[in-house]
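Novice: Provided herewith is a single structure, encoded as structure tokens, for subsequent inquiry.
There are 2 protein chains.
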Amino acid sequence: MATTLDTLRRHHIAPTPQRLAVADYVLAARTHPTADEVWAQVRKRCPTLSRATVYNTLNLFVRKGLLTTQVVKEGTLVFDPHVGAHHHFVDVRTGKVYDVPWEALTVSGAQALRDFDVRDYQVILRGHKRRT
Amino acid sequence: MATTLDTLRRHHIAPTPQRLAVADYVLAARTHPTADEVWAQVRKRCPTLSRATVYNTLNLFVRKGLLTTQVVKEGTLVFDPHVGAHHHFVDVRTGKVYDVPWEALTVSGAQALRDFDVRDYQVILRGHKRRT
DNA sequence: GTCTACAGTTAGACATATTCTCAGTGCGTA
DNA sequence: TACGCACTGAGAATATGTCTAACTGTAGAC
Chain A
215 MATTLDTLRR HHIAPTPQRL AVADYVLAAR THPTADEVWA QVRKRCPTLS
265 RATVYNTLNL FVRKGLLTTQ VVKEGTLVFD PHVGAHHHFV DVRTGKVYDV
315 PWEALTVSGA QALRDFDVRD YQVILRGHKR RT
Chain B
215 MATTLDTLRR HHIAPTPQRL AVADYVLAAR THPTADEVWA QVRKRCPTLS
265 RATVYNTLNL FVRKGLLTTQ VVKEGTLVFD PHVGAHHHFV DVRTGKVYDV
315 PWEALTVSGA QALRDFDVRD YQVILRGHKR RT
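Residue numbers (my numbering), protein chains in the order written: chain A, 215 to 346; chain B, 215 to 346.
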């Protein structure tokens with residue numbers, strides 16, 4: 215079981231206390247947090263953490279392959295620790311973003327589009343999350 | 215063949231000169247323009263057009279059903295005169311957004327997602343546009 | 001024609017998200 | 001210890017979108 219320290223090192227990221235704190239939060243997040251949501255949470259543990267450092271750290275994690283960004287929410291990027299292919303559902307009332315497993319949906323025709331060299335794709339679904 | 219004037223009236227929009235100019239441009243746009251791109255273009259014809267009026271006008275058109283907004287491009291909304299269901303392709307190099315006809319792709323499984331009441335969905339594809 | 005009310009525009013201020021800048025800090029190495 | 005470099009913090013700067021208040025244009029009433 216890899217520790218956050220190991221994870222950062224394996225991705226060639228120097229493990230500063232700030233980065234560890236951000237990683238501990240964001241790599242376990244299921245909520246597709248915005249940068250400011252990350253900041254709000256991680257400040258509880260690192261009260262001196264600057265907002266610029268959060269952005270710098272998140273963008274570093276994206277560059278190193280630990281996170282992806284998703285353009286699914288109006289007004290801001292969200293960060294996603296699940297870097298494999300998957301789809302997203304956006305609850306239009308709450309703004310919350312949910313993962314939809316890749317194999318839950320089948321998309322056909324993408325590679326046959328003659329005008330486009332498709333590198334990746336996903337389905338963005340919008341509606342309301344059901345009560346469970 | 216409806217004029218822009220007719221179109222605005224039919225959607226219960228008072229046809230001011232500014233709104234006509236914006237509509238002339240954006241309703242014919244194939245480029246999924248941002249608000250600032252609309253402003254830059256329409257100012258050529260209406261040099262006194264204010265940026266706030268562009269935003270107000272675009273948002274009014276969205277409310278009245280003449281346009282939709284698309285959350286496909288990082289950092290900004292784009293406006294789309296094609297209000298029916300369709301998919302989008304984003305060229306990751308140029309940032310340009312292209313329509314993909316609804317029937318070009320088949321998505322199955324969306325209505326079977328047990329956790330979500332899916333109101334609408336689209337496929338977002340990313341890659342490079344091919345030279346034609 | 002004049003007056004009034006209201007919708008719409010303008011210019012700039014403001015809010016938010018993100019990136020940039022620069023001084024300071026911490027760490028590794030010689 | 002000194003030095004170099006990566007990293008952080010605080011605030012400035014930038015881009016997008018919304019708000020504010022003064023002004024303008026129009027339709028309708030008189």
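C-beta atoms are modelled at their ideal positions from N, C-alpha and C, and glycine is treated no differently. All of these numbers come straight from a predicted model, not from anything done at the bench.
1) Identify whether B:ARG344 lies in helix, strand or coil by the three-state DSSP scheme.
2) What residue range is occupied by the uninterrupted beta strand (DSSP E) comprising A:ASP305?
3) Taking just the CA atoms, how far does B:HIS301 sit from B:VAL307?
4) For A:THR308, name the three-state secondary structure that DSSP assigns.
5) Along the stretch 327-342 of chain A, where does the CB come closer than 7 Å to a CB of chain B? Name the residues.
6) May I ask you to list the residues that DSSP assigns as paired with B:SER322?
7) Check the Cβ-Cβ distances between A:THR308 and every residue of chain B, and say whether any is below 7 Å.
8) Of the residues that make up the stretch 245-260 of chain B, which ones have a beta carbon closer than 9 Å to any beta carbon in chain A?
9) Can you check whether the C-beta of B:LEU345 is within less than 7 Å of a C-beta belonging to chain A?
10) Below 8 Å on C-beta distance, what does B:LYS287 contact in chain A?
11) Residues of the stretch 312-323 of chain A in Cβ contact with chain B at a cutoff of 8 Å, in chain order, please.
12) Just to confirm my understanding: we take A:VAL292, look at its own chain, exclude 5 residues before and 5 after, and list those with CB closer than 8 Å. What are they?
13) Whose CA, out of A:GLN336, A:TRP316, A:ARG277, lies closest to the CA of B:VAL304?
14) Tell me the DSSP secondary structure of A:THR245 in three-state form.
15) Note the first and the last residue of the continuous alpha helix (DSSP H) segment covering B:THR267.
16) Hey, would you say B:GLY323 sits closer than 7 Å to A:THR217, going by beta carbons?
17) Could you give the first and the last residue of the continuous beta strand (DSSP E) run that contains B:VAL292?
18) Looking at the unbroken beta strand (DSSP E) that takes in A:THR282, where does it start and where does it end?
19) At a Cβ threshold of 7 Å, is B:PHE303 touching chain A?
20) Using a cut-off of 8 Å between C-beta atoms, extract the partners of B:LEU291 located in chain A.
21) Ordered along the chain, which non-local residues of its own chain (more than five positions away) have a Cβ less than 7 Å from that of A:HIS296?
22) Mark B:LEU222 as exposed unless 16 or more other C-beta atoms lie within 10 angstroms of its C-beta, in which case mark it buried.
23) How would you label A:THR346, buried or exposed, when you count the other beta carbons within 10 angstroms and need 16 or more for buried?
Specialist: Working from what's here:
1) coil
2) 301-305
3) Checking the displayed sequence, the identity of residue 307 of chain B turns out to be Arg instead of Val. Distance between the alpha carbons of B:ARG307 and B:HIS301 is about 19 Å.
4) coil
5) LEU327, ASP329, PHE330, ASP331, VAL332, ARG333, ASP334, TYR335, GLN336, VAL337, ILE338, LEU339, ARG340, GLY341, HIS342
6) A:THR320
7) Look at A:THR308: its C-beta is not under 7 Å from any C-beta on chain B.
8) Of all residues in the stretch 245-260 of chain B, none has a Cβ within less than 9 Å of some Cβ in chain A.
9) For the sequence presented, residue 345 of chain B should be read as Arg rather than Leu. No, B:ARG345 lies away from the interface with chain A (no Cβ there is under 7 Å from its Cβ).
10) VAL285
11) TYR312, VAL314, ALA318, LEU319, THR320, VAL321, SER322, GLY323
12) HIS246, PRO247, THR248, THR283, GLN284, VAL286, VAL311
13) A:GLN336
14) coil
15) 265-277
16) no
17) 292-294
18) 282-284
19) yes
20) Under the 8 Å cutoff, chain A gives GLU288.
21) ASP313
22) By the Cβ-count criterion, B:LEU222 is buried, with 16 or more other Cβ atoms from all chains shown falling within 10 Å of its own Cβ.
23) exposed
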